[in-house]
Amino acid sequence: MTQTKPQVQYREDYQPPHYWIDTLDLDIQLHDSATEVVAISRVRRNGEHDEPLVLDGEQLELLQVAVNGVDIAQYQQTENGLVLSQLPEAFVLTIKTRINPAGNTALEGLYKSGSAFCTQCEAQGFRRITYYLDRPDVLARFSTRITADAAAYPYLLSNGNRVDQGTLDDGRHWVQWQDPFPKPAYLFALVAGDFDVLRDSYTTLSGRNVALEIFVDKGNLHRAGHAMDSLKASMAWDEQRCHLEYDLDIYMIVAVDFFNMGAMENKGLNVFNAKFVLADANTATDGDYLDVERVIGHEYFHNWTGNRVTCRDWFQLSLKEGLTVFRDQEFSSDLGSRTVNRIQNVRIMRGPQFAEDAGPMAHPIRPDAVIEMNNFYTLTVYEKGSEVIRMLHTLLGEQAFQRGLALYLQRHDGQAATCDDFVAAMSEASGRDLTRFKRWYSQAGTPVLAVTDAYDAEQQRYTLTVRQHTPATREQPGKLPLHIPLSLALYTEQGEPLSLLVNGDTVGPVLDVLEDEQQFVFEQIPSRPVPALLQGFSAPVKLDYPYSDEQLTLLAKSSIDEFVRWDAVQMLINKAVLDNLSRLQRGDVVSVPRPLIDVFRTTLEDTSLDRALQAQMLALPDLGSLLELFEQVDIGLLGQVHQQLQAELAEALRPLWQQAYEQNLTPEYRIEHQDIARRAMKNVALGYLALAGDAVKVQQQYQDADNMTDTLAAMKAAVRAELNEADVMLADFEAKWRQDGLVLDNWFRLQATAPGEGTLARVQQLMSHPTFSMNNPNRIRALIGAFISANPLQFHRLDGAGYDLLVSVLEQLNDSNPQVASRLVTPLIQFSRLDDARQGLIKARLQQLMAMPALSRDLFEKISKALA
Ligand code: B3K
Ligand code: ZN
Numbered sequence: 001m002t003q004t005k006p007q008v009q010y011r012e013d014y015q016p017p018h019y020w021i022d023t024l025d026l027d028i029q030l031h032d033s034a035t036e037v038v039a040i041s042r043v044r045r046n047g048e049h050d051e052p053l054v055l056d057g058e059q060l061e062l063l064q065v066a067v068n069g070v071d072i073a074q075y076q077q078t079e080n081g082l083v084l085s086q087l088p089e090a091f092v093l094t095i096k097t098r099i100n101p102a103g104n105t106a107l108e109g110l111y112k113s114g115s116a117f118c119t120q121c122e123a124q125g126f127r128r129i130t131y132y133l134d135r136p137d138v139l140a141r142f143s144t145r146i147t148a149d150a151a152a153y154p155y156l157l158s159n160g161n162r163v164d165q166g167t168l169d170d171g172r173h174w175v176q177w178q179d180p181f182p183k184p185a186y187l188f189a190l191v192a193g194d195f196d197v198l199r200d201s202y203t204t205l206s207g208r209n210v211a212l213e214i215f216v217d218k219g220n221l222h223r224a225g226h227a228m229d230s231l232k233a234s235m236a237w238d239e240q241r242c243h244l245e246y247d248l249d250i251y252m253i254v255a256v257d258f259f260n261m262g263a264m265e266n267k268g269l270n271v272f273n274a275k276f277v278l279a280d281a282n283t284a285t286d287g288d289y290l291d292v293e294r295v296i297g298h299e300y301f302h303n304w305t306g307n308r309v310t311c312r313d314w315f316q317l318s319l320k321e322g323l324t325v326f327r328d329q330e331f332s333s334d335l336g337s338r339t340v341n342r343i344q345n346v347r348i349m350r351g352p353q354f355a356e357d358a359g360p361m362a363h364p365i366r367p368d369a370v371i372e373m374n375n376f377y378t379l380t381v382y383e384k385g386s387e388v389i390r391m392l393h394t395l396l397g398e399q400a401f402q403r404g405l406a407l408y409l410q411r412h413d414g415q416a417a418t419c420d421d422f423v424a425a426m427s428e429a430s431g432r433d434l435t436r437f438k439r440w441y442s443q444a445g446t447p448v449l450a451v452t453d454a455y456d457a458e459q460q461r462y463t464l465t466v467r468q469h470t471p472a473t474r475e476q477p478g479k480l481p482l483h484i485p486l487s488l489a490l491y492t493e494q495g496e497p498l499s500l501l502v503n504g505d506t507v508g509p510v511l512d513v514l515e516d517e518q519q520f521v522f523e524q525i526p527s528r529p530v531p532a533l534l535q536g537f538s539a540p541v542k543l544d545y546p547y548s549d550e551q552l553t554l555l556a557k558s559s560i561d562e563f564v565r566w567d568a569v570q571m572l573i574n575k576a577v578l579d580n581l582s583r584l585q586r587g588d589v590v591s592v593p594r595p596l597i598d599v600f601r602t603t604l605e606d607t608s609l610d611r612a613l614q615a616q617m618l619a620l621p622d623l624g625s626l627l628e629l630f631e632q633v634d635i636g637l638l639g640q641v642h643q644q645l646q647a648e649l650a651e652a653l654r655p656l657w658q659q660a661y662e663q664n665l666t667p668e669y670r671i672e673h674q675d676i677a678r679r680a681m682k683n684v685a686l687g688y689l690a691l692a693g694d695a696v697k698v699q700q701q702y703q704d705a706d707n708m709t710d711t712l713a714a715m716k717a718a719v720r721a722e723l724n725e726a727d728v729m730l731a732d733f734e735a736k737w738r739q740d741g742l743v744l745d746n747w748f749r750l751q752a753t754a755p756g757e758g759t760l761a762r763v764q765q766l767m768s769h770p771t772f773s774m775n776n777p778n779r780i781r782a783l784i785g786a787f788i789s790a791n792p793l794q795f796h797r798l799d800g801a802g803y804d805l806l807v808s809v810l811e812q813l814n815d816s817n818p819q820v821a822s823r824l825v826t827p828l829i830q831f832s833r834l835d836d837a838r839q840g841l842i843k844a845r846l847q848q849l850m851a852m853p854a855l856s857r858d859l860f861e862k863i864s865k866a867l868a
């Protein structure tokens, strides 16, 4: 909460710190509402100046300040910090503060998660623990002494190595930790609690033995095995693919229930949302298993890309996040299905990331101006950031890319670096000029690649004309051309691939698009070819090429690149949606175009296809991605088209859905790629069968299921198809899992995404369920988050009741947890594609929120931009 008007920080204003801090010794006496923190740091002036030392601090009670052991009184406390003047060139600074972890509902800094103490310091949470230079370019060696009640908190954890411990007479005990690696304050962590511990070890390539420890709530040990396997797989992958080894003797992961996001890469002591640690067949779905693997990998990979080399300032966030997402995507792809991983990531880009890029919060992957840093942990910084790294990988190739990564890490080890440093290393290691490519770091918005073609039969030449255009965003009216890698293949009308010949030379599949408009001429093309454009989504752009149904059908069947096959089906679906929207507007009924039915049939009958890919090809895009096809549209009508197309496909291909269902049964539950793929296909088929009214199959699966994937798929099919059986299943599920918040989150989510008119009332009612809590972000995301982002039809009700529900939730969370509030406001600020009526309803609500007293910086930044 702020009293003064929120201040904007600009990337261009970066200044190195006036002081360095070389060491920080923390002594923390844990008590629920009165924890005392003594912070002793060695401070050194940076250069010649007489500027004061301005330390960051929020919500701290200051008890003592001493310089070189002598208490001082000439300091100035401000709303957000502590100012010390007339300091020697180098000195020891002692600061004693008191904080209230039990009263910390924002879950930033030191707080209580259930009965345990834990911390979250990124981006700027450390300033809620003590006064400090809370910025990523100040790297210090930390030691941490934790003292707490021995019975309630047998485990006292922090970063680095445990160097000493002891017990006290009053029932308390202490542990001393020492982290040998200098680090910024955002990587500090502390955990105190009583846990079950899963222990294992890993021997690195060079023979270092690392103790691995996973801390979970008592009674959950049997659910930690997959996380441990994933950790070991991550360590091995980073050694093999990137030649990077772990560097401490111990790696700890703690799972907590109250966490604002997924997990946090604190040095040697990751703190995780329990959702991304706990998994067993009874409680986790196949998707949950893969998520655990991905997030464990992501946080582990940060040890090099984030911790050993960190960010100079928070505007550089994508330096560590985009790169680490790229690394976790590669890890998942190397271990599982590359194509399916690619499809899932592209769905995120084309849906929510494109929407962000088209909305009021549009920003380059390296933002220029920020009010609240927590607002910039975005799909743009993470996912588009990863796409930018992927384009570099595409342009350079694996070998040069790895050379560049190695050069970057070696050159900046132990430092706080910038995105420019990263690109410079890539350019040096590969010898490529990346000047134009760097514009990806500074331009917001989704570029459109408009492609037209011409065929000259006489000369046997095929010419592609490529035009790029990035629509204006608020802060950047004019855009410059980008360096876009355009991967393509050409096929004959019989589906045979053609070699790409330019000026007599065979060229690779990736064209360098550099200009606003460019032509590419391919020689010795015997007849008009079918182009497969943007293979593998080689750049985060919208492709505009007038594909015919015949061309898409051919690509869906014959493309060598599997991603293109999926993408061709997506494009056929998009065409069917556009076509049917006009039909509905004309008063006609929805009907599935013949070519789409045929492609679905061929796909269902193609037994050579990977089942997981097959399942992806047969799943419609969600409404959010379809919205991106329009400038402005009536979302109600669009939803109707979406639903009816699915119903028609269900009916038209019923025997084939039945067959696919039977053919993909898995006799016993195993977490293996083949089986996960079968279940995915089987459950897609079940969804269609439910829409075609086959309640028996759905009910049977619910009853017979021996794993959470099948249980939830049956329930989901019943709820989506509004089968009478749905309520019985939901009641049964609730009775069984009432005690387990994480499992019950699926139940909240399912009901929140039910299609009917009654859903809003159901959501309101579920907010009083004993398992629901406005203090637990997982519960909020499962119920409220799912309703507002995965149920667009009910959320965007024309009576505005969906918006009112969200407003009342935001009013509460603005005070208790502004970060979570700010995440939830997204569907309200991205209104530009909606019809005028809905836009009007939304704007009125945004005004209402804007007028709130004590509006948090987090919400202020987004709402003020949306209303500007
Ligand atoms: N680095 C953290 C994110 C911190 C978010 C702070 N609001 C997790 C991750 O990306 O690995
Ligand atoms: Zn990350």
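Heads up: the sequence shown runs through residues 1 to 868, numbered per the UniProt record's numbering.
Even glycine gets a Cβ: it sits at the ideal position worked out from N, Cα and C.
Buried versus exposed, by CB contacts within 10 Å (16 or more), residue i
i: Ala786; result: buried
i: Met1; result: Here the model assigns Met1 a pLDDT of 46, short of 50, so the residue's position is not dependable and the matter cannot be decided.
i: Pro88; result: exposed
i: Thr603; result: buried
i: Gln616; result: buried
i: Glu562; result: buried
i: Leu805; result: buried
i: Pro16; result: exposed
Nearest candidate by alpha-carbon position, reference residue i, set the options
i: Gln519; options: Val451, Met571, Ala489, Ile525; result: Val451
i: Ile253; options: Leu244, Phe259, Glu265, Glu245; result: Glu265
i: Phe437; options: Thr463, Thr105, Thr394; result: Thr394
i: Ala227; options: Gln240, Thr826, Glu213, Val346; result: Glu213
i: Met349; options: Leu841, Gly125, Lys183, Asp622; result: Asp622
i: Gln640; options: Ser582, Ala73, Asp606, Glu668; result: Ser582
i: Thr463; options: Ile671, Glu517, Asp22; result: Glu517
i: Thr94; options: Leu139, Val43, Val163; result: Val43
i: Asp288; options: Arg762, Asp858, His796, Asp710; result: Asp710
i: Glu648; options: Ile671, Pro770, Thr666, Gly687; result: Gly687
i: Gly81; options: Gly57, Gln74, Ala102, Ala90; result: Gly57
i: Leu63; options: Pro497, Arg145, Val38, Val83; result: Val38
i: Gln344; options: Arg312, Glu383, Phe376; result: Glu383
i: Tyr14; options: Gln839, Phe272, Leu60, Trp314; result: Trp314
Same chain only: Cβ atoms within 7 Å of residue i, ignoring 5 sequence neighbours per side
i: His673; result: Gly336, Ser337
i: Ser206; result: Glu245
i: Tyr186; result: Cys121, Glu122, Ala123, Phe126, Pro136
i: Pro526; result: Gln460
i: Asp149; result: Gly171, Arg172
Contact set for residue i: own chain, Cβ-Cβ below 6 Å, skip 5 residues either direction
i: Leu248; result: Gly268
i: Ala692; result: Ala650, Glu651, Arg654
i: Lys232; result: Tyr202
i: residue 887; result: Examination of residue 887 is not possible in this model, given that the chain is present from 1 through 868 alone.
i: Ile784; result: Val809
i: Thr119; result: Leu110, Ala189, Leu190
Contact set for residue i: own chain, Cβ-Cβ below 8 Å, skip 5 residues either direction
i: Ala718; result: Ala690, Ala695, Val698, Gln699, Tyr702, Glu725, Ala726, Met729
i: Lys865; result: Pro360, Met361, Arg474, Ile829
i: Leu867; result: Lys843, Leu846, Gln847, Met850
i: Ala576; result: Val592, Pro593, Leu596, Leu645
Original post:
Are at least three pairs of beta-carbons, each pair with one atom in the stretch 94-105 and one in the stretch 236-243, less than 8 Å apart?
Top reply: no
Original post:
Pick out every residue whose C-beta is nearer than 5 Å to a heavy atom of the ligand ZN: which are they, in chain order?
Top reply: Glu321, Thr324
Original post:
Is the stretch 729-742 close to the stretch 761-768, with three or more CB pairs under 8 Å?
Top reply: no
Original post:
Between the stretch 105-112 and the stretch 805-823, do three or more beta carbon pairs fall short of 8 Å?
Top reply: yes
Subject >> Three or more C-beta pairs below 8 Å linking the stretch 569-583 and the stretch 416-433 >> reply: no
**OP:** State whether the stretch 549-556 contacts the stretch 364-381, with contact taken as three or more CB pairs (one from each stretch) at a distance under 8 Å.
**Re:** Taking 8 Å as the limit for Cβ pairs, the verdict is that the stretch 364-381 does not touch the stretch 549-556.
Original post:
Taking one C-beta from the stretch 138-147 and one from the stretch 23-41 each time, how about it: are there three or more such pairs within less than 8 Å?
Top reply: yes
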